[in-house]
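Visitor: In short: position in the sequence shown from 1, add 72, done, that's the numbering used here. Idealized CB from N, CA, C, for every residue including glycine. Next up is a structure, given as structure tokens.
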Amino acid sequence: MKRLRQFTAVLFVVLMFGTGFAFAGAAAIVSPASNTIIYSDSLLVSVKVTEPKTVRITAYEEKQASGDSLVSANVSAITESDLAIIASAKTEGTAAEGSADMATTASASLSDGSTVKSYTSVAMGDTASYTCNSSLGFYTKQINDVTPGLYRIQVETVDSEGGVTEVVQSMVAVKAKPVEVKSDIFQAPQTGALQFLQTLLRNIFR
73 MKRLRQFTAV LFVVLMFGTG FAFAGAAAIV SPASNTIIYS DSLLVSVKVT EPKTVRITAY
133 EEKQASGDSL VSANVSAITE SDLAIIASAK TEGTAAEGSA DMATTASASL SDGSTVKSYT
193 SVAMGDTASY TCNSSLGFYT KQINDVTPGL YRIQVETVDS EGGVTEVVQS MVAVKAKPVE
253 VKSDIFQAPQ TGALQFLQTL LRNIFR
């Protein structure tokens, strides 16, 4: 918890002057950055609001069909360039269908030669509402127990009647953390000085 508070404090300072995030009018998604790959089991969602406005924040996992079930997307080969293509197809599909439930399949090719698949948006919990009463406000939430897959953060700016006036989205791929390769000086073949050190250490801790 202490590390999260420290990270959030630093993040806020950076975000006040940063420009590398998705924005639309009063609302900007500052974390996760759009079209990025994340190696983690959690998502830190942070939204910056620069006007007295109310926004609705929803986190989705973009799943693909497997028989009669929906499964997490295989993102092992997805690159950041691919994410930009997928996000564009998702936006076009949403506009065409009038719904955020399904993306249309685009003709654009991904880096591995395949085309953009159709994804079903599955909400991760309830939609959150945040109201900024000044010229600067932040909404922050950490989503834990995130598994590898394709995720989308959507922020809607709403008016006093509850109508949506602006929408901004951030598409990210969560991948498994790379396995760290640990060297074992007692198992790897050694010669010369390292072999002498190996023998010495074995004698010390025998």
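1. Determine the DSSP secondary structure at Asp173, reduced to helix, strand or coil.
2. For Ser153, does the three-state DSSP call read helix, strand or coil?
3. Indicate whether Thr122 and Ala105 have their beta-carbon atoms separated by less than 7 angstroms.
4. Which residue wins for smallest C-alpha separation from Thr187, given the options Thr212, Ile150, Phe210, Ser201?
5. Can you give the Cα-Cα distance for Gly197 and Glu134, rounded to whole angstroms?
6. Since I believe Thr212 is in contact with Val127 (beta carbons under 8 angstroms), could you give me their beta-carbon distance rounded to a whole number of angstroms?
7. For Glu233, which of Lys120, Ile109, Leu115, Lys125 has the nearest alpha-carbon?
8. In the DSSP assignment, what are the bridge partners of Gly234?
9. Just the C-alpha distance for Val119 and Arg224, rounded to the nearest angstrom, thanks.
10. What do you reckon, are the CB atoms on Ala246 and Gly221 nearer than 7 angstroms?
11. Are the CB atoms of Leu142 and Asn107 nearer to each other than 7 angstroms?
12. Going by beta carbon distance, what residues of the same chain come within less than 8 angstroms of Ile110, once the five residues before and after it are set aside?
13. Out of Ser207, Ala137, Ala100, which one is the CA nearest neighbour of Arg194?
14. Look up Lys125 in the DSSP assignment and give the residues it is bridged to.
15. Which value, in whole angstroms, describes the spacing of the CA atoms of Ile215 and Ala180?
16. Measure how close the beta-carbons of Ser242 and Ile129 come, nearest whole angstrom, since I'm counting them as under 8 angstroms.
17. So is Val236 buried or exposed if we call it buried at 16+ other beta carbons inside 10 Å?
18. DSSP beta-bridge partners for Gly221?
19. What whole-angstrom Cβ distance do Ser114 and Val218 have, given they're in contact under 8 angstroms?
Guide: The answer reads as follows:
1. With a pLDDT of only 47 at Asp173, under the threshold of 50, the placement of this residue in the model should not be trusted, and no figure is reported.
2. helix
3. no
4. Ile150
5. C-alpha of Gly197 to C-alpha of Glu134: approximately 14 angstroms in a straight line.
6. The pair is not a contact, with the Cβ atoms about 13 angstroms apart (cut-off 8 angstroms).
7. Lys125
8. Answer is none; Gly234 lacks a bridge partner.
9. Looking at the two C-alpha atoms, the distance is approximately 13 angstroms.
10. Correcting the residue identity first, residue 246 is Val in this sequence and not Ala. A contact, by the Cβ cut-off of 7 angstroms.
11. no
12. Pro104, Val244, Ala245, Val246, Lys247
13. Residue 194 is actually Val in this sequence, not Arg. The shortest C-alpha to C-alpha distance from Val194 to any of Ser207, Ala137, Ala100 is the one to Ala137.
14. Lys125 is not bridged to any residue.
15. 31 angstroms
16. Not really, about 11 angstroms apart at Cβ, beyond 8 angstroms.
17. exposed
18. Val246
19. 6 angstroms
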